[in-house]
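A.B. asks: Numbering (this note's numbering), first residue to last: 1 to 334.
Glycine included, each C-beta is placed from N, C-alpha and C at the ideal position.
Take this structure, written in structure tokens, and hold onto it; I'll ask about it next.
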Ligand code: UFG
């Protein structure tokens, strides 16, 4: 298949492009490089021996998208491109709604013009909102979130659902990610955010590399076994393979389908910190700080639907995630 990957130079996007190319598909990357580096395209070529077609383009630019569709036969879309910082979205809601909603809408409108009918969407466990019990199952109501970022995921899921109702021959797969961490085994691709990281693993990586002094664990008084929050961390390469499986499924199906991509296991912040120390044979300086606004105590996936429908399940261990994260972080920025 010829797959257009928006945000394909980003963290999850770049790993997905590698899996696509390795599986014999062609990848066309559209990325404005607002939160990614241009040399990711070279790195993908180093890993796979194939160079993806690349357009430096903002996904809201419909004329730009039309050019991409005119110059390439596009069979399917994987839409990653979005702003993704939860805390920033609370401070800049208009930017988040404008960017994330417009880019998805522009893509859908141009797909319609060119008759492209397969859409894999980068959604998030955040759509389950604060009130569902875990493990989260796809049939639960997933109609609210706790940040503007999360609401953009809820809204785009809704837009895609309504679009599928109006166009029964269209297929939209809503992939609800849990917490992706880890990096490509080559050490060439990984999570390397601009500025001080918000997410746990890139923060740990910078502390381990001596670029940040210590990790602050946000709260140890949650109603969990060790008092720190529990999440379902999954290896980014497993997540990338999940996109490949979703594409293969979409090739032969119509309609909308929400699917969790997680391991089905919750682990705590402290457990992850200790797993990182053990896997990489080091001590990580940390302190316990106050809770972070908006954090839920614990959630993880019911991963059964991905297995039944896509034949996908996570295969990497927490140790793999910690080792590959450090293998990337120790060389990042060099
Ligand atoms: N944490 C720390 N210290 C840090 C950073 C994080 O203790 O410096 C803790 C958080 O409090 C949380 C856990 O590590 O308990 C994981 O935090 P992340 O920021 O890595 O991930 P979140 O679970 O908060 O966020 C993820 C995704 C979002 C998504 C959100 C809700 O990154 O895209 O889940 O589903 F919106």
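(1) Which residues in the same chain have their Cβ closer than 6 Å to the Cβ of residue 255, if we skip the five residues on either side of it in sequence?
(2) Assess contact between the stretch 112-125 and the stretch 164-178, defined as three or more Cβ pairs (one per stretch) separated by less than 8 Å. Is contact present?
(3) Along the chain, where does the beta strand (DSSP E) that runs through residue 175 open and close?
(4) What I want to know is whether the C-beta of residue 44 ends up closer than 7 Å to one or more non-hydrogen atoms of ligand 1.
(5) Within 10 Å of its beta-carbon, does residue 51 have 16 or more other beta-carbons around it, so buried, or fewer, so exposed?
(6) In three-state terms, what does DSSP make of residue 257?
(7) What three-state label does DSSP hand residue 31 in the structure shown?
(8) Is any heavy atom in ligand 1 found nearer than 7 Å to the beta carbon of residue 86?
(9) Could you check if residue 217 belongs to the surroundings of ligand 1, using beta carbon to heavy atom distance under 7 Å?
(10) Could you please give me the residues that DSSP links to residue 299 through a beta bridge?
(11) Would you kindly check if the distance between the Cβ of residue 301 and the Cβ of residue 336 is under 8 Å?
(12) By how many angstroms is the C-alpha of residue 258 removed from the C-alpha of residue 158?
(13) Going by DSSP, name the residue or residues bridged to residue 4.
(14) Just tell me which of 329, 292, 322 and 20 has its CA closest to the CA of residue 87.
(15) Compare the C-beta of residue 242 against all C-beta atoms of chain D and say whether one is closer than 8 Å.
(16) On the three-pair Cβ rule with 8 Å, is the stretch 123-133 touching the stretch 99-110?
(17) Are there any heavy atoms of ligand 1 lying less than 7 Å away from the beta-carbon of residue 292, as far as the coordinates show?
(18) Looking at ligand 1, does it come within less than 7 Å of residue 232, judged from the CB to the closest heavy atom?
(19) Which whole-angstrom value is the C-beta distance of residue 92 and residue 127, which I expect to be below 8 Å?
(20) Does the beta carbon of residue 236 fall short of 7 Å from some heavy atom of ligand 1?
(21) Can residue 132 be considered in contact with ligand 1, in the sense that its beta carbon sits closer than 7 Å to one or more heavy atoms?
(22) Spatial neighbours of residue 144 within its chain, please: C-beta separation below 6 Å, excluding the five flanking residues on both sides.
(23) Taking residue 15 as the reference, which of 278, 180 and 313 has the closest Cα?
(24) I'd like to know whether the C-beta atoms of residue 240 and residue 18 end up nearer to each other than 8 Å.
(25) Between residue 314 and residue 235, which are expected to be in contact by the criterion C-beta below 8 Å, what is the C-beta distance as a whole number of angstroms?
(26) Taking residue 27 as the reference, which of 33, 229, 4 and 40 has the closest Cα?
(27) Please check the pair residue 166 and residue 122, which I expect to be a contact at CB under 8 Å, by giving their CB distance rounded to whole angstroms.
(28) At what residue ranges does the stretch 260-333 contain a whole run of the alpha helix (DSSP H), taking only runs of 4 or more?
(29) Can you find at least 3 beta carbon pairs, one from the stretch 265-277 and one from the stretch 182-190, that sit closer than 8 Å?
(30) Can you find the residues in the same chain that come closer than 8 Å, C-beta to C-beta, to residue 32, ignoring five residues on each side of it along the sequence?
(31) Just checking residue 149 against ligand 1 - is the residue's beta carbon closer than 7 Å to any of the ligand's heavy atoms?
(32) Does ligand 1 have even one heavy atom less than 7 Å from the beta-carbon of residue 261?
(33) Is the separation between the beta-carbon of residue 212 and that of residue 43 shorter than 8 Å?
(34) Exposed or buried, which one is residue 230 when buried takes at least 16 other CB atoms within 10 Å?
(35) Using a threshold of 7 Å, is the CB atom of residue 125 nearer than that to any non-hydrogen atom of ligand 1?
C.D. replies: With the structure as the only source:
(1) For residue 255, where only same-chain residues beyond five positions count, the Cβ hits under 6 Å are 164.
(2) The answer is yes - the stretch 164-178 touches the stretch 112-125, with three or more Cβ pairs under 8 Å.
(3) 171-177 is the extent of the beta strand (DSSP E) around residue 175.
(4) No - ligand 1 has no heavy atom lying nearer than 7 Å to the Cβ of residue 44.
(5) Under this definition residue 51 is an exposed residue.
(6) DSSP places residue 257 in strand when its eight states are reduced to three.
(7) When secondary structure is reduced to three states using DSSP, residue 31 falls in the strand class.
(8) Yes, the Cβ of residue 86 comes within 7 Å of a heavy atom of ligand 1.
(9) At least one heavy atom of ligand 1 is nearer than 7 Å to the Cβ of residue 217, so yes.
(10) In the DSSP output, where bridge partners are listed per residue, residue 299 has none listed.
(11) Given that the chain is displayed from residue 1 to residue 334, the structure contains no residue 336 and the question cannot be resolved.
(12) Approximately 11 Å between the Cα atoms of the pair.
(13) Looking at the DSSP assignment, residue 4 forms a beta bridge with 28 and 77.
(14) Measuring from the Cα of residue 87, the nearest candidate turns out to be 292.
(15) No chain D is part of this structure, which consists of one protein chain only.
(16) Contact fails: fewer than three Cβ-Cβ distances are below 8 Å.
(17) Yes, Cβ of residue 292 sits closer than 7 Å to a heavy atom of ligand 1.
(18) No, the Cβ of residue 232 stays beyond 7 Å of every heavy atom of ligand 1.
(19) The Cβ separation is near 20 Å, so there is no contact.
(20) No, ligand 1 has no heavy atom inside 7 Å of this Cβ.
(21) No, ligand 1 has no heavy atom inside 7 Å of this Cβ.
(22) Here the set comprises 129.
(23) The option with the nearest alpha carbon to residue 15 is 180.
(24) Yes. Within cutoff.
(25) Yes, they are in contact, since the Cβ atoms of residue 314 and residue 235 sit about 7 Å apart, within 8 Å.
(26) Here the closest residue by C-alpha is 4.
(27) About 22 Å separates the two Cβ atoms, so there is no contact after all.
(28) The stretch 260-333 contains these whole alpha helix (DSSP H) runs: 269-280 and 318-329.
(29) These segments do not touch.
(30) Excluding residues within five positions, the ones whose Cβ falls inside 8 Å are 56, 57, 58, 59 and 81.
(31) Yes, ligand 1 has a heavy atom inside 7 Å of this Cβ.
(32) No - ligand 1 has no heavy atom lying nearer than 7 Å to the Cβ of residue 261.
(33) Contact flag unset, no.
(34) Looking at its Cβ environment, which holds 16 or more other Cβ atoms inside 10 Å, residue 230 is buried.
(35) Residue 125 Cβ: within cutoff of ligand 1.
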